[in-house]
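If you use numbering that gives the first Met the number 0, the sequence shown closes out at 470, no skipped numbers anywhere.
Structure first, then comments.
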Amino acid sequence: MDFGRRRKHMAVFTKDKSFYKTLITLAIPISLQNLITFAVNFADNLMIGSLGDNAVSGVYVGNQMQTVVQMFIGGVEGAILILAAQYWGKKDTGSIRKVVSIGVKFALGVGIVASLIAVLFPSVVIGLFTQEAGVIQEGAVYLQIVGFTYLFFCISQVMIASMRSVETAKIGLYISIIALVVNVSLNYILIFGKLGFPAMGVRGAAVATLISRVLEMCVSAGYVFFMDKKLRLGFRDLLHTDRQLLKDFVRYGLPIIGGQVVWSVNMLANTKILGCYTAGVMAAASITGMLHNLIYVWMNGLSSAVGIITGKTVGAGLYEKMKEYAKTVQMIFLGVGLVSGALVLLFRDGFIGLYDVSAEAQAYSYQFINVIAVTIIGTCYQAACLFGLVKSGGDISFVFKNDTIFVFLVVIPSALIAMWMGAAPWVVFACLKCDQILKCFVAVVKINRYNWMKNLTRDNNKKEELADGRE
């Protein structure tokens, strides 16, 4: 009865000022880091774009290998963030070091395998995506050099994830700023042959990426091993593997990797379905996607911050406090969604004007962006709830199952049916984005049942009984 009264009178916004302070402290550097990554990719595309169609296509196809690497390392990062954040809530830094050690070993495995494939068989990898001889030639040159970066990339991502899990987010921002300056500067120098260097074209872009990745890894690992005062991770920690935590790592990492695979299939289906229409439709989808990603950057930073706070709070066993936070998160991200939708409409005309495309592409861009202005409201709410709260709160498999159901039973079938019926491109596009709204209904029910709060930590290497959020 007391629990019912507490739930009934629970405040919509928490009065805990530390929640808002922590949210902003974590969200700002993470958002800026994401924005810098976006800027690096955008700058790369602009500079490589001057080298011709084969170079642009070759680099684009070559970077598909990077997408695969990110898919797997994303699972490793996710497992680190979820487990380590919960142990951080218990102030159990010893277990966090063990989790990070396991993550480093997985990162080494992913990085080494990916690098060997890319360096030894670049033409074969590029040939999986295209049959154009010119594209394969340029792509193979690029991939053979960039392939060396995968190992360094995987290690740096694990280092940054370990720092985020203990609420050290600023160092990741500083590392990204360094990588941005180095990458863009070297791209300009090596691609176009400045400051006495020969013009290396695509090869120069690859060398610039390699140097920036090595520097990124050195700075991130150097900070974690020699400067960080929270984890105190040492090289000796990497020599040991806790078998029980290894089982946890695999158990919670696999659904995250599965979710990444589902996401990749969804993106591929989006491209394939819209590719059945004219070049104008594809151009509009590309323009819309760029605007969406730009707006999504700051939302993702907030959502990531929520995930860290959630893991820490659940790990500490503060379930009533977490329920209070969950109410606040829902209201905040509903507001973020409404603001994001308004910003999309506000910048629509100016953003489309940046592109020198046909009148057809412009017309479709207006239609697609109007769709995004609505669906991004749902994206902000459900992504924060399902990823920031549910997944980080311990119910990882639910998010994977939910995404799988929506992608394969709702999104792709509805888009194919709409296309088969001869619907306008914007209708098909809306079908491809409809899950962003529909998932909100699932999120509302799931979040407010509070059965997603599961303590995944162990005490003295003995498995704790999963907490269901009831005290």
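Glycine included, C-beta positions come from ideal geometry on N, C-alpha and C.
I think A78 touches F248, with their Cβ atoms under 8 Å apart; what is that distance to the nearest whole Å?
Going by Cβ atoms, the distance from A78 to F248 rounds to 5 Å, so yes, they are a contact pair.
Does R231 come out as helix, strand or coil in the three-state DSSP assignment? Of the three classes helix, strand and coil, the one that applies to R231 here is coil, per DSSP.
Among M298, V223, C433, G349, nearest to I95 - alpha-carbon criterion: Among M298, V223, C433, G349, the Cα nearest to that of I95 is on V223.
Requested in this report: Could you have a look at M226 and say whether DSSP puts it in helix, strand or coil?
Outcome: DSSP places M226 in coil when its eight states are reduced to three.
Problem set entry | Complete runs of the alpha helix (DSSP H) confined to the region 45-120 [at least 4 residues] | For the region 45-120, whole alpha helix (DSSP H) runs of length 4 or above, ordered along the chain, are 52-61, 63-88, 92-119.
Exercise for review: Look up M266 in the DSSP assignment and say whether it is helix, strand or coil.
Suggested key: Helix, per DSSP.
Q.
Assuming G192 is part of the alpha helix (DSSP H), what are its boundary residues?
A. First-last for G192: undefined, no H or E at that position.
Check your understanding: Would C275 be called buried (16 or more neighbouring beta carbons within 10 Å of its own) or exposed?
Key -> So C275 counts as exposed.
ask   = In the structure shown, what three-state DSSP assignment does D458 receive?
value = DSSP places D458 in strand when its eight states are reduced to three.
In the DSSP assignment, the alpha helix (DSSP H) including A315 goes from what residue to what residue? Element bounds for A315: n/a, residue is neither H nor E.
Excluding sequence positions up to five away, which residues of its chain have a Cβ less than 6 Å from the Cβ of V356? Correct list, in chain order: A282.
message = Check whether the region 343-357 and the region 378-394 are in contact - that is, three or more C-beta pairs closer than 8 Å.
response = The answer is no - the region 378-394 does not touch the region 343-357, with fewer than three Cβ pairs under 8 Å.
Terminal residues of the alpha helix (DSSP H) in which L150 lies
That run of the alpha helix (DSSP H) goes 148-164.
Count the CB pairs spanning the region 146-159 and the region 110-126 that are closer than 8 Å, and state whether there are at least three. Yes, they touch.
**Asked** Going by the beta-carbon positions, is the gap between G471 and A38 smaller than 7 Å?
**Response** Residue 471 is absent from the structure shown; the chain starts at 0 and stops at 470.
Between the alpha carbons of M289 and L345, how many angstroms are there, rounded? So the two alpha carbons sit approximately 15 Å from each other.
| said: How far does the alpha helix (DSSP H) with N369 in it extend, from its first residue to its last? | reply: For N369, the uninterrupted alpha helix (DSSP H) run begins and ends at 358-382, by DSSP.
For M418, three-class secondary structure by DSSP: Reduced to three states, the DSSP call for M418 is helix.
Quick check: the Cα distance between K453 and A315, rounded to an integer number of angstroms? Cα to Cα, the separation comes out at about 11 Å.
Exercise for the section: Determine the burial state of I368: buried for a count of at least 16 other Cβ atoms within 10 Å of its Cβ, exposed for fewer. Expected result: I368 should be labelled buried.
*asked:* Using C-beta distances below 6 Å, list every residue in its chain close to P197, excluding the 5 sequence neighbours before and after it, in chain order.
replied: Once the five neighbours on either side are set aside, P197 has no close Cβ partner at all.
If we count the other Cβ atoms within 10 Å of its Cβ and call it buried at 16 or more, is K14 buried or exposed?
-> Per the 10 Å Cβ criterion, exposed.
query: How would you label G334, buried or exposed, when you count the other beta carbons within 10 angstroms and need 16 or more for buried?
result: The residue is exposed, with fewer than 16 neighbouring Cβ atoms inside 10 Å.
- Item | Euclidean distance between Cα positions of F18 and T309 | Cα-Cα distance, rounded: 10 Å.
- prompt: For M199, which of helix, strand or coil comes out of DSSP?
  reply: Here M199 carries a coil assignment [DSSP, helix/strand/coil].
Exercise. Determine the burial state of M216: buried for a count of at least 16 other Cβ atoms within 10 Å of its Cβ, exposed for fewer.
Key: Buried, because 16 or more other Cβ atoms sit within 10 Å of the Cβ of M216.
Within 10 angstroms of its Cβ, does P424 collect 16 or more other Cβ (buried), or is it exposed? Under this definition P424 is a buried residue.
**DSSP-derived helix/strand/coil call for G274** = If DSSP states are grouped into helix, strand and coil, G274 belongs with coil.
TODO: Report all residues from its chain with a CB closer than 8 Å to the CB of V11; omit the five preceding and five following residues, and keep chain order.
DONE: Within the same chain, V11 has close Cβ partners K326, T327, M330.
Item to complete: Check each candidate in T21, G138, R457 and name the one with the smallest Cα separation from R242.
Response: When T21, G138, R457 are compared, the shortest CA-CA separation from R242 is found for R457.
8 Å Cβ shell around G73 - same chain, five flanking residues per side excluded: Shown here for G73: same chain residues with a beta carbon closer than 8 Å to its own, the five before and five after excluded, namely I255, I256, Q259 in chain order.
Neighbourhood of V105 by C-beta, 7 Å cutoff - its chain only, sequence neighbours within 5 removed
According to the sequence as given, residue 105 is Phe; it is not Val. A distance below 7 Å between beta-carbons, with the five flanking residues on each side excluded, links F105 to the following residues of its chain, in chain order: V75.
So the alpha helix (DSSP H) S396 belongs to, where does it begin and stop? First-last of the alpha helix (DSSP H) with S396: 395-405.
Original post:
What span of residues does the alpha helix (DSSP H) with Y141 cover, start to end?
Top reply: Per DSSP, Y141 belongs to the alpha helix (DSSP H) from 132-145.
Handout entry: Beta-bridge partners of M452, as assigned by DSSP
Key = Its beta-bridge partners are G393.
Can you tell me whether F2 is helix, strand or coil according to DSSP? With a pLDDT of 43 at F2, under the threshold of 50, the modelled position of that residue is not reliable, and no figure is offered here.
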